[in-house]
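Here is the structure we will look at, set down as structure tokens.
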Amino acid sequence: MLRFALKRFLSAIPTLFILTALAFALIRVAPGGPFDSEKQLPPEIEARLIEAYNLDEPLWQQFGRYLGNLLQGDFGPSFAYKDFTVTELIATGFPVSLKLGSWAMLLALIVGVLLGTLAALRQNSRTDYTVMATAMTGISIPNFVLAPLGILLFAVYLGWLPAGGLGGWKSLVLPVIALALPQIAYIARLTRGSMIEVLRSDFIRTARSQGLPERDIIFRHALKPAMLPIVSYLGPATAAVITGSVVIEQIFGVPGLGRFFVQGALNRDYTLVMGVVVFYGVLIILFNFLVDIAYRWLDPRVEY
Amino acid sequence: MQDALQSLLDNRAAMSALAIMLFISVLIIVAPLLSPWAVDSTDWDNIATPPDWSTAHFFGTDDVGRDIFVRTLYGGRISLLVGLSATLVSLVIGIAWGAIAGYAGGRTDQLMMRFVDVLYAMPFMFFVILLMVFFGRNIFLIFIAVGAVNWLDMARIVRGQTLSIKNKEFVEAARAGGVSTAKIIRRHIVPNLLGVVIIYVTLTIPQVILVESFLSFLGLGVQEPMTSWGALVNDGSALMESAPWTLIFPAMFLATTLFCFNFVGDGLRDALDPRDREKS
Numbered sequence: 009m010l011r012f013a014l015k016r017f018l019s020a021i022p023t024l025f026i027l028t029a030l031a032f033a034l035i036r037v038a039p040g041g042p043f044d045s046e047k048q049l050p051p052e053i054e055a056r057l058i059e060a061y062n063l064d065e066p067l068w069q070q071f072g073r074y075l076g077n078l079l080q081g082d083f084g085p086s087f088a089y090k091d092f093t094v095t096e097l098i099a100t101g102f103p104v105s106l107k108l109g110s111w112a113m114l115l116a117l118i119v120g121v122l123l124g125t126l127a128a129l130r131q132n133s134r135t136d137y138t139v140m141a142t143a144m145t146g147i148s149i150p151n152f153v154l155a156p157l158g159i160l161l162f163a164v165y166l167g168w169l170p171a172g173g174l175g176g177w178k179s180l181v182l183p184v185i186a187l188a189l190p191q192i193a194y195i196a197r198l199t200r201g202s203m204i205e206v207l208r209s210d211f212i213r214t215a216r217s218q219g220l221p222e223r224d225i226i227f228r229h230a231l232k233p234a235m236l237p238i239v240s241y242l243g244p245a246t247a248a249v250i251t252g253s254v255v256i257e258q259i260f261g262v263p264g265l266g267r268f269f270v271q272g273a274l275n276r277d278y279t280l281v282m283g284v285v286v287f288y289g290v291l292i293i294l295f296n297f298l299v300d301i302a303y304r305w306l307d308p309r310v311e312y
Numbered sequence: 464m465q466d467a468l469q470s471l472l473d474n475r476a477a478m479s480a481l482a483i484m485l486f487i488s489v490l491i492i493v494a495p496l497l498s499p500w501a502v503d504s505t506d507w508d509n510i511a512t513p514p515d516w517s518t519a520h521f522f523g524t525d526d527v528g529r530d531i532f533v534r535t536l537y538g539g540r541i542s543l544l545v546g547l548s549a550t551l552v553s554l555v556i557g558i559a560w561g562a563i564a565g566y567a568g569g570r571t572d573q574l575m576m577r578f579v580d581v582l583y584a585m586p587f588m589f590f591v592i593l594l595m596v597f598f599g600r601n602i603f604l605i606f607i608a609v610g611a612v613n614w615l616d617m618a619r620i621v622r623g624q625t626l627s628i629k630n631k632e633f634v635e636a637a638r639a640g641g642v643s644t645a646k647i648i649r650r651h652i653v654p655n656l657l658g659v660v661i662i663y664v665t666l667t668i669p670q671v672i673l674v675e676s677f678l679s680f681l682g683l684g685v686q687e688p689m690t691s692w693g694a695l696v697n698d699g700s701a702l703m704e705s706a707p708w709t710l711i712f713p714a715m716f717l718a719t720t721l722f723c724f725n726f727v728g729d730g731l732r733d734a735l736d737p738r739d740r741e742k743s
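Protein chains in written order, with the working numbering: chain C, 9 to 312; chain H, 464 to 743.
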């Protein structure tokens, strides 16, 4: 197991490298930053800028410096929010997004697996079709369409929940649901398919023929192997939740990392935008690494 | 192939979805003729009015008096255009990558597929947004960026299919006959990929439209005066409380189109390859 973990960890390193290299390259190439030599500056100021940003060093050295800074958690200053470093902004926004995202993933897993199992157990029945059709709808309707409709219904017309902001558990309900819905749909579909296959397998037939109660069969024997595709979907699922959070936080006015990202994008705040991408990228790579380990623990036959 | 087609035609849900899709497409193409209003013409007498047949504002107007009906249909044109073009980009990259990996096999295949695996879990959306931020909102850049995001699935499927075709007798015969690798790929492998490719094209189009809508919703998609469903939903969300029709109609069109594409794609996939039913 340790060797496997090490191997996966090592293969994550080139990915990290590519990610940071891309980030670095984009910052340098982007028009309109302080590295833009098209702006006409008085020579003294230009010299000072070059000195301050180490632009006179060879490229690979600048990249090395950038990597070094990253390792120390320094993402550079924010271009738009003049008094803050990107690190500070990330530190403010991330806990909020983390809370939102974790709840959404938890909800998605629990509801998705339950619905999928239900559909699998009653395959080709009315329940099955209803669940699957709803799942299809969940995948097809973009969350930035559902979210405003949700606000319209629950906050404006019914007044049950606040329309946005952050304060108390009520304000989390709509954003979490909006974030979780597409994932619930995907996970339900995956679970249904996987469960159907597992329920058809020989060892389940044996268990049934030996007279085990159905509940035991489902929860103690069928569920674990059926979860394998779900576990490997967790990686892309997290990426999807992170992507979704960008829009959801914008719509609900939640001060998380996603919203910082969008504001940064619209304000041409390159360092902020870059910092968020690298941060999330590292997070996802780390998460995928953990998922790989978990998968291997569940099914030792897996090889890479 | 015959019974696959029959199975599809029997699938009433998929057929109705197809019919709806065709209806929407026709509507979108024929749009200008059905209404006296142009995309950006402002009707000062009717600002933010609900649907009203007497003024020929079938879907109402937005806060600057533009007709929502025409804008929704024009937005549909752009959304579908981006959808098809970006899917084409995805198609080209995905088929090339998958076919080469599948046919080459061995180390090359492993490397190429590992690359796909690595990219699979990355939040590509972020990079697309970055590209839009850094390089402006050129519509061609949108095609390419959005297309480059979605080729991974296609590559995987194509590679799998290539692997199974590669081992068939007629390919072996061609190789024994001395046909060059490039020619084999072109004349034997690629035409046999058609079935799978069609399925995944039908499934990629809605994903691509979704990405474009996402971008437009954030204000990073197509620029004025062009509009797309995503941009319209964005505009509509702002007016949600006072003029809900500005949100509801574009949203309905977007959701219905995506739903239908997904449905038909699923139907095709079930018809042509029942083993794949579990994969999402």
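C-beta: ideal position from N, C-alpha, C; glycine also.
Remember, it's a predicted structure, so these values are computed and weren't measured experimentally.
Cβ separation of Q624(H) and L656(H), assumed to be a contact under 8 Å, to the nearest whole Å: 5 Å
Pairwise C-alpha distance: L154(C) and N77(C): 40 Å
Cβ-based burial, P66(C) [other Cβ within 10 Å; buried from 16]: exposed
When T505(H), D515(H), V685(H) and G528(H) are compared against L702(H), the one with the closest alpha-carbon: G528(H)
Backbone CA spacing between W614(H) and F211(C) [nearest angstrom]: 38 Å
Closest by C-alpha distance to Y288(C), when choosing among I98(C), A33(C), R56(C) and L14(C): I98(C)
Collapsed DSSP secondary structure at D530(H) in the structure displayed: strand
At least 3 beta-carbon pairs within less than 8 Å: the segment 672 to 688 of chain H vs the segment 586 to 596 of chain H: yes
Beta carbon proximity, S700(H) to chain C, threshold 9 Å: yes
Secondary structure of D307(C), DSSP reduced to three states: coil
Partner residues on chain H for T23(C), Cβ-Cβ distance less than 7 Å: Neighbours of T23(C) on chain H, chain order: V581.
CB of M617(H) within 9 Å of CB of Y583(H), strictly: no
Whether L198(C) touches Y137(C) by CB criterion (9 Å): no
Anticipated Cβ contact below 8 Å, G266(C) with S105(C), distance rounded: 6 Å
Buried versus exposed call for N296(C) [16 or more other C-beta atoms within 10 Å across all chains shown]: buried
Amino acids of chain C, ordered along the chain, whose beta-carbon sits closer than 7 Å to that of L683(H): A273
Any C-beta of chain H under 9 Å from that of I301(C): no
Status (buried if at least 16 other CB within 10 Å, exposed otherwise) for N630(H): Exposed is the call here.
Burial state of W500(H), where buried means 16 or more other Cβ atoms lie within 10 Å: It is buried - the Cβ of W500(H) has at least 16 other Cβ atoms within 10 Å.
9 Å Cβ cutoff, E687(H) in contact with chain C: no
Proximal residues, the segment 701 to 713 of chain H versus chain C, C-beta separation under 7 Å: M703, E704, P707 and L710
Local conformation of D515(H) per DSSP, three classes: DSSP places D515(H) in strand when its eight states are reduced to three.
Nearest-angstrom Cβ-Cβ length linking V206(C) and A230(C), presumed shorter than 8 Å: 5 Å
V254(C), enclosing alpha helix (DSSP H) - first and last residue: L236 to F260
Alpha carbon of K107(C) to alpha carbon of R130(C), nearest angstrom: 35 Å
DSSP state of T142(C) mapped onto helix, strand, coil: helix
Residues within the segment 136 to 154 of chain C neighbouring chain H, beta-carbon criterion of under 8 Å: M144, T145, I147, S148, I149, P150, F152 and V153
Rounded C-alpha distance that separates R587(H) from I652(H): Checking the sequence shown, residue 587(H) turns out to be Phe, not Arg. Each residue's alpha carbon lies about 30 Å from the other.
Span of the alpha helix (DSSP H), counted from its first residue to its last, around M588(H): F587 to F598
Short Cβ contact (9 Å threshold) for I118(C) with P183(C): Taking 9 Å as the Cβ cut-off, I118(C) and P183(C) do not qualify as a contacting pair.
Contacts of T251(C) in chain H (Cβ-Cβ under 9 Å): For T251(C), the chain H residues whose C-beta falls within less than 9 Å of its own C-beta are P586, F587, M588, F589 and F677, listed in chain order.
I648(H) vs A562(H) beta-carbon contact at 9 Å: yes
Cα-Cα separation, G557(H) to M9(C): The alpha-carbon of G557(H) is positioned some 34 Å away from that of M9(C).
Through-space distance from T23(C) to V581(H), alpha-carbon basis: 7 Å
Assigned secondary structure, T665(H) (DSSP; H/G/I helix, E/B strand, else coil): The answer is helix: DSSP assigns T665(H) an H, G or I state.
Local Cβ density within 10 Å of N132(C), reported as buried at 16 or more and exposed below that: Classification for N132(C): exposed.
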